[in-house]
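Everything below concerns the one structure shown next.
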Amino acid sequence: MYTTFTMEHHHFDQSVMILNSCGNQILSNCTPDEYSWVISVLKDAILATDLAVYFRKRGGFFSMVKSKQCDLNREEVREQVRGMMMTVCDIAAITKPWPIQKQVAELVAGEFFEQGDIEK
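In this note's numbering, the protein residues as written are 736 to 855.
Here you go:
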């Protein structure tokens with residue numbers, strides 16, 4: 736199905752499915768151009784969480800920051816910063832102390848099963 740970034744493509748597809756499902760259509764008032772732009776940003780952000788992408792782009796990011804060329808008015812800079820932030824958030828989830836990580840996992844699992852019971 737996917738040749739690269741298998742999990743990230745799956746996460747993107749699931750995100751779009753959720754955004755298009757009943758009650759979650761928060762983008763329904765967007766124009767077609769706005770919708771396409773948001774979906775494109777979402778896809779780029781999710782695909783950026785692949786560590787191969789991170790390692791490929793981190794050198795350019797560090798150079799940009801070191802040279803103080805981090806102009807957030809430029810879309811390519813915002814995209815680069817967004818990608819780095821997504822990777823940080825993705826990795827940070829596993830750095831929490833075990834009791835907190837366990838509690839979060841239990842809450843997410845509980846919410847998942849409650850939703851399943853509601854949908855029966």
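Glycine included, C-beta positions come from ideal geometry on N, C-alpha and C.
- In the structure shown, Cys757 falls within a coil segment according to DSSP collapsed to helix, strand and coil.
- One alpha carbon belongs to Leu777, the other to Cys765, and they sit about 15 Å apart.
- Around the C-beta of Ala840, fewer than 16 other C-beta atoms lie within 10 Å, and the residue is accordingly described as exposed.
- For Arg817 against Ala780, the beta-carbon gap comes to about 5 Å, under 8 Å, which counts as contact.
- Taking all protein chains shown into account, Glu743 has 16 or more neighbouring C-beta atoms within 10 Å of its C-beta and is therefore buried.
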